[in-house]
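To keep things clear, I will list the structure first and then write my remarks on it.
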Amino acid sequence: MRTILRSLFVLFLLAGLTALGAQTTLAYDTDPEPIRVVIEPDGNQMLFAQDEFTAKAGQEITLVFKNTATSPAMVHNVVILNDNDDATINRVGQAALTASDNEYVPEDDAIIGATALAKPGETVEVTFTAPSEPGKYSYVCTFPGHYSMMRGTLTIQ
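Under mature numbering (1 follows the signal peptide of the UniProt record, and there is no 0), the letters of the sequence shown match residues -22 to -1, 1 to 135, in that order.
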C-alpha cells in the first residue's frame, strides 16, 4: 500500500512540475532587455569617441550623451537616423541649419531619436526603440557644421 501511495505521489508531483514548466514556457518574455549606451565626444574634436554600438531589433535604447569637451564651441547633440545613407545624413545635416528653434534637430521622417544640445560639461539623453530590421543605422551631431565629421553607426542584430 505504501508503494502505491508513493508511486501516486511521485506521479502527481511529476505531472505538476510538467504543467508548471509548460506555463513558464508560455509566459516567457521574448522582448530584449532595455540597454543604456553612453557616448562622449573625442576631446575637443568634432568626433564621437564611441563611433559604433550594437543593439537588438526592437530593443529600447537609452542613449546618454555626456559632453566631456572643454571648448565652449563644442556644443553637440546626437540624432539617430533610420538608415545609413549619406544622402539622408546630408539632407538632415543641411536641414538642421535652419532648425535653431528646435536645437538644430529638423523635422524629418528619417529621425528616430534625438538628444537636446549639450554644452561642455552637460549630459543629455534620449530613449527610443531600435529599428525592427537588422542592419546599420547612422547617428550624427546636427549642430551646424558637425554632421560631416561627427558620425557613428548603430548596428541592429
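Even for Gly, the Cβ is constructed at its ideal location relative to N, Cα and C. These numbers come from a predicted model, not from an experiment.
Under the 8 Å Cβ criterion, the segment 81 to 98 counts as touching the segment 32 to 43, having at least three qualifying pairs. For the set L25, D20, A27 and T8, the Cα lying nearest the Cα of A35 is the one of T8.
About 6 Å separates the beta carbon of E38 from that of T107, a gap short enough to meet the 8 Å contact definition.
Shown here, S116 sits in a strand according to DSSP, grouped into three states.
A straight-line Cα-Cα distance of about 7 Å links P84 and V70. In this structure, the beta-carbon distance from T120 to N55 falls below 8 Å.
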